[in-house]
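Q: In the working numbering, the protein residues as written are 92 to 298.
The beta-carbon is built from N, C-alpha and C at its ideal position, and this holds for glycine as well.
Mind having a look at this structure? Questions to follow.
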């Protein structure tokens, strides 16, 4: 009887040790999985994509204050921004990030008189502003009240390594008409998705 008791006790102890090792292994696997997930989140957040919150009316009627966007930080590692694309860039002198639309790229000549926007001498159609333009004109108003070039900025040709940007709300936007040409090195990425609020979820239209 004593021998049987010793065997049973020994078996119970062995089973308990195995269970403990199993629990430790499972815990270790969970720790590894969480660590990998954290690394992936950091990589995606800082290297691939970034969130951006619209602050102010400068991109109305296409973007509204409080909307949250996903900014693609990878795209411009492979090519430069194109006309019509909505980009987020850093303004060092103001230490803040802004969202605007690319109007001119390197080598382009940009002129803006009244509501007539010209790039390389060709009048540009802006379908993303059609409703806003039509409404302003129906009220006998100009949608744009700040021409370019102006007294502050007289250069019309976009230099290499830069872009010319405008806010969609032309009467209420701090853009290249005040900031000048934007260096490509200050461009963070392209706004690709509006993900908040839920009723505003959509892919950003760039043209």
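Between the alpha carbons of residue 249 and residue 118, how many angstroms are there, rounded?
A: Cα-Cα distance, rounded: 58 Å.
Q: Which of the three DSSP states, helix, strand or coil, is assigned to residue 256?
A: Strand at residue 256.
Q: Rounded to a whole number of angstroms, what is the C-alpha to C-alpha distance between residue 190 and residue 260?
A: C-alpha separation (whole angstroms): 12 Å.
Q: Buried or exposed for residue 273, going by 16 or more other Cβ atoms inside 10 Å?
A: Buried, because 16 or more other Cβ atoms sit within 10 Å of the Cβ of residue 273.
Q: Which residues in the same chain as residue 207 place their Cβ atom closer than 8 Å to its Cβ, once the five residues preceding and following it in sequence are excluded?
A: Result list for residue 207: 214, in chain order.
Q: Count the C-beta pairs between the stretch 191-207 and the stretch 169-178 that are closer than 8 Å, then say yes if the count reaches three, no if not.
A: Yes: at least three Cβ pairs fall under 8 Å.
Q: Considering just the uninterrupted stretch of the alpha helix (DSSP H) at residue 223, what are its terminal residues?
A: Counting along the chain, the alpha helix (DSSP H) containing residue 223 begins and ends at 221-229.
Q: Quick one: Cα of residue 216 to Cα of residue 187, how far?
A: Going from the Cα of residue 216 to the Cα of residue 187 covers about 30 Å.
Q: Is DSSP giving residue 268 helix, strand or coil here?
A: Looking at residue 268 - three-state DSSP - the assignment turns out to be helix.
Q: How would you label residue 162, buried or exposed, when you count the other beta carbons within 10 angstroms and need 16 or more for buried?
A: Residue 162 comes out buried.
Q: Would you please state the rounded distance, in angstroms, between the beta carbons of residue 271 and residue 244? I believe it to be under 8 Å.
A: Sure, about 6 Å apart at Cβ, within 8 Å.
Q: Just mark residue 280 as buried or exposed, buried being the case when its beta carbon has 16 or more other beta carbons within 10 Å.
A: The residue is buried, with at least 16 neighbouring Cβ atoms inside 10 Å.
Q: Quick check on the DSSP output: the beta strand (DSSP E) that includes residue 140 runs from which residue to which?
A: Looking at the DSSP string, the run of the beta strand (DSSP E) that includes residue 140 is 140-144.
Q: Exposed or buried, residue 201, counting other C-beta atoms within 10 Å across all chains shown (16 or more means buried)?
A: The residue in question, residue 201, is buried, as its Cβ has 16 or more Cβ neighbours within 10 Å.
Q: Flag this pair as touching only if the stretch 277-296 and the stretch 223-241 have three or more C-beta atom pairs under 8 Å; answer yes or no.
A: No contact exists between the stretch 277-296 and the stretch 223-241.
Q: Can you name the residues that DSSP bridges to residue 160?
A: Bridge partners of residue 160: 143 and 285.
Q: Go ahead and label residue 145 buried or exposed: buried means 16 or more other beta carbons lie within 10 angstroms of its beta carbon, across all protein chains shown.
A: When all chains shown are included, residue 145 counts as buried.
Q: Should residue 263 and residue 148 be called a contact, given that it needs their Cβ atoms to be closer than 8 Å?
A: Yes. Within cutoff.
Q: For residue 293, name the three-state secondary structure that DSSP assigns.
A: The answer is strand: DSSP assigns residue 293 an E or B state.
Q: Could you check what DSSP says for residue 125 in three-state terms: helix, strand or coil?
A: Three-state DSSP puts residue 125 in a helix.
Q: Who are the Cβ neighbours of residue 265 in its own chain at under 6 Å, not counting the five residues just before and after it?
A: Contacts found: none.
Q: Start and end of the beta strand (DSSP E) containing residue 180?
A: Looking at the DSSP string, the run of the beta strand (DSSP E) that includes residue 180 is 177-182.
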